[in-house]
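Visitor: This is the structure, below, for whatever I ask next.
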Amino acid sequence: MNIGLKFAILGLCVSTAAFATKYEAESATLSGGAKNVNASGVSGTGYADMQEGNITFAGVTAEKAGKYQVTIRYKAGDFKANYIVVNGATSGTVDFEGTSNWSDVSTVVTLKAGTNTISLEKYWGWISVDYIDVEPYESSPFKLSATPVTPNATESAVKLYSFLRENFGKKTISGIMTGDMSGYTLGADFKTHDDVKYIYTRTGKYPVLVGLDFLFATGPSASQSWNMEYTNKAISIAKGLWKAGGIPAFTWHWKDPLDKDDAFYIQGADNGQGYTTFDFATGFKAGTTEWNTESAAYKGIIADIDHIADYFLELQKEGVAGIFRPLHEAGGKWFWWSINSGDQFAALYRLVYDRMVKVKGVKNMIWVFNPEGSTVTSWNPGSEYYDVLSIDIYNSANDHSSNASAFDKFKSASNGTKILALSENGPIPDVNNMHTDEAVWSWWMPWYSTWSGTWPGQTKDAVWKSNMDDERVLSLEDMPGWDNYTADVTPDTTVTPPDSGTTRIATAPRLLGTATTIGIFDMNGHYVGLTTQGLPQGRYVIRKQVQGHVVNTLYLKK
């Protein structure tokens, strides 16, 4: 052990009790049309009706800086979502299920030591709030699989998953989505694409991850030359990017599988761009989620899946791996794949996976499940079907919050067993905010600047540069090159005290005698060696053996 380094032994399982502090809504500051309602049967003298306004709780005290759980006592006529804002910065959104009785919903925020302000601000509005409870929150390590969910994944896919797993919680991968391909020449260096160049112009560095879309690969016009060229250019970029040490990430705006409508939006959500009336539930046997293989819907779905799979197989032959985010923004009522129930969606997701992996033989993709916050549990296709759990969040321009509320919600929903990513965003989450809030996303990916896109421009030059220059954000220049990278498939090790269902680090007992270091592990449970020399700044678990006991202590390298 390098005794010249500062360290601290922190007990995360302590015997002292933590009590919640209650803040009454009728004593909060109300604005924008929110109003007080005097009533009995509540904790105080009344409650606050949010309506179209905001409810601000000033004077929220925290003994020390860190994560705190906020429990909101509320009622709502039907489902609503609203922002939670801490000290003027958006922490995330909170989903309020419809309930006519007073009910509780909890979220996690980061508070500074001393006095804080917590606001519930209108996104949808129209909830009633009795009070909030604030109490310390105890984080637990992630428990990630050592290998991707795809059986017999290609060597490249294993490397890619291992890289994501190895860096998760420590470093964030920079990304950008591509849009217009007209300025890119088929077969040219991917760095010449306008969206990729945009990031280099702003920062002097290239992103690691480049988003690509099968937007024109299926649908009634897919065979037209312009549409085919668009997809071929995306595949060309993927090949060049992988060769350069980067990561291609695929999205699929899937148009009507019956090829009747050249659209993926549903009616009312298309904003004049055209919509489809395709209902994938017509592919099920009546009253079930079992597929009717003779139905037109099923046959159309399968034909499209096979077509996209063939592109992945082309990449697979050349040793290219990538990230695939099918049926994105699950539960959002704007795409045809989200118009039915969560069970029906899950059956469709499983069909895409099973057909590609088990029938077509696609073994080179890392799979992403990308739900809305309200559907992260109820629309889940099963943990064996995806490697990464992601969310799309578009904050207001220059709002570089970590989105920790969503991070903690998705961590809880997955029991800490999945890599978490910000798969679409406007302004990037600032790296300092992510690490302060312990909400370090695997990657972020602003939507494109081409096609008149404004999203990358919602981050100021200074923030772009400071983040891309930070060692905790990976740019293409930081990548080792896939030929030089060795995958680590060592199974995860986590520390679980007796009779506990959660993973946490136990307080070190006071034992006398010679201590033998068994190993040093990062906060995801990955073994990183026997010495702290050469490790980057951060938190580590040092596991020692003393008098036959295994002792785990938390080490802070500064």
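Residue numbers (numbering that gives the first Met the number 0): 0 to 557. All C-beta atoms in this analysis are idealised placements derived from N, C-alpha and C, irrespective of residue type, glycine included.
Any chance the region 455-467 sits against the region 420-434, with 3 or more Cβ pairs inside 8 Å?
Guide: yes
Visitor: For the alpha helix (DSSP H) containing T374, list its first residue and its last residue.
Guide: First-last for T374: undefined, no H or E at that position.
Visitor: Give, in chain order, every unbroken run of the beta strand (DSSP E) that is at least 3 residues long and sits entirely within the region 379-420.
Guide: 387-392
Visitor: Measure the Cβ-Cβ separation of V488 and S161 and say whether it is below 8 Å.
Guide: yes
Visitor: List the endpoints of the continuous alpha helix (DSSP H) containing W101.
Guide: Segment 98-110 is the beta strand (DSSP E) holding W101; no alpha helix (DSSP H) there.
Visitor: Identify whether N270 lies in helix, strand or coil by the three-state DSSP scheme.
Guide: Correct three-state label for N270: coil.
Visitor: For the candidate residues Y46, A24, G40, I71, whose alpha-carbon lies nearest to that of T55?
Guide: The residue with the shortest Cα to Cα distance from T55 is A24.
Visitor: Less than 8 Å between the C-beta atoms of W366 and K158, yes or no?
Guide: no
Visitor: In the DSSP assignment, what residue or residues form a beta bridge with A248?
Guide: Paired residues: G210, I322.
Visitor: With a Cβ-Cβ cutoff of 8 Å, do F167 and S400 count as a contact?
Guide: Taking a C-beta distance under 8 Å as the contact criterion, F167 and S400 do not qualify as a contact pair.
Visitor: Is it right to say L185 is buried, meaning 16 or more other beta carbons lie within 10 angstroms of its own, or is it exposed?
Guide: exposed
Visitor: Can you grab the Cα-Cα spacing for the pair T384 / G31, in whole Å?
Guide: The displayed chain sequence assigns Tyr, not Thr, to residue 384. Those two C-alpha atoms are separated by around 44 Å.
Visitor: Kindly confirm or deny that the region 68-80 and the region 123-133 touch, where touching means at least three C-beta pairs closer than 8 Å.
Guide: yes
Visitor: For P135, which residues does DSSP report across the bridge?
Guide: In DSSP, P135 forms a bridge with Y67.
Visitor: Give the straight-line distance between the Cα atoms of Y393 and G381, rounded to the nearest whole angstrom.
Guide: 27 Å
Visitor: With which residues is M176 paired in a DSSP beta bridge?
Guide: Checking the DSSP bridge columns, you'll see M176 partnered with G210.
Visitor: I'd like to confirm the pairing. Which residues does DSSP put opposite R72 in its beta bridges?
Guide: D103, Y130
Visitor: Just grab the DSSP bridge partners of A329 for me.
Guide: P370
Visitor: The alpha helix (DSSP H) that contains D200, what's its start and end?
Guide: Residue identity check: residue 200 is Thr in the sequence provided, not Asp. Unbroken alpha helix (DSSP H) run through T200: 193-202.
Visitor: Which residues mark the beginning and the end of the alpha helix (DSSP H) in which V351 is found?
Guide: If you look at V351, you'll find it in the alpha helix (DSSP H) that goes 341-353.
Visitor: What residues match up with P445 in a beta bridge as DSSP calls it?
Guide: N424
Visitor: Does the beta-carbon distance from G65 to T28 come in below 8 Å?
Guide: no
Visitor: Any contact between the region 298-311 and the region 217-237? By contact I mean 3 or more CB pairs, one from each, below 8 Å.
Guide: yes
Visitor: Using 8 Å as the cut-off, can you tell me whether the region 171-179 makes contact with the region 192-206, which would need three or more C-beta pairs spanning the two stretches below that distance?
Guide: yes
Visitor: For the beta strand (DSSP E) that contains T114, what are its first and last residues?
Guide: 113-120
Visitor: Under 8 Å: do the region 236-248 and the region 272-287 share three or more Cβ pairs, one atom per stretch?
Guide: The region 236-248 is not in contact with the region 272-287.
Visitor: Apply the 10 Å Cβ neighbour rule to N151 and answer buried if 16 or more other Cβ atoms are within range, or exposed otherwise.
Guide: exposed
Visitor: State the start and end residues of the unbroken alpha helix (DSSP H) segment that holds G182.
Guide: Careful: G182 lies outside any alpha helix (DSSP H) and carries neither H nor E.
Visitor: Pick from A320, S373, T106, Q315: whose alpha carbon is nearest that of E568?
Guide: The displayed coordinates of the chain run from 0 to 557. Any statement about residue 568 would go beyond what the structure contains.
Visitor: Relative to the alpha-carbon of K464, which residue among S404, T230, F213, Y205 has its alpha-carbon at the smallest distance?
Guide: Y205
Visitor: Checking the sheet assignment: what are the DSSP bridge partners for N53?
Guide: S30
Visitor: If contacts are defined as beta-carbon pairs under 8 Å, then A403 and V107 qualify, I think. What distance do you get, rounded to the angstrom?
Guide: 7 Å
Visitor: Skipping 5 residues on each side, what residues in its chain have a beta carbon closer than 6 Å to that of K111?
Guide: A64
Visitor: Have a look at G58, G113, A156 and flag the residue whose alpha-carbon is nearest the alpha-carbon of M364.
Guide: A156
Visitor: Bridge partners for E23 per DSSP, in chain order?
Guide: Answer is Y130, bridged to E23.
Visitor: Pick helix, strand or coil for L534, following the three-state DSSP scheme.
Guide: coil
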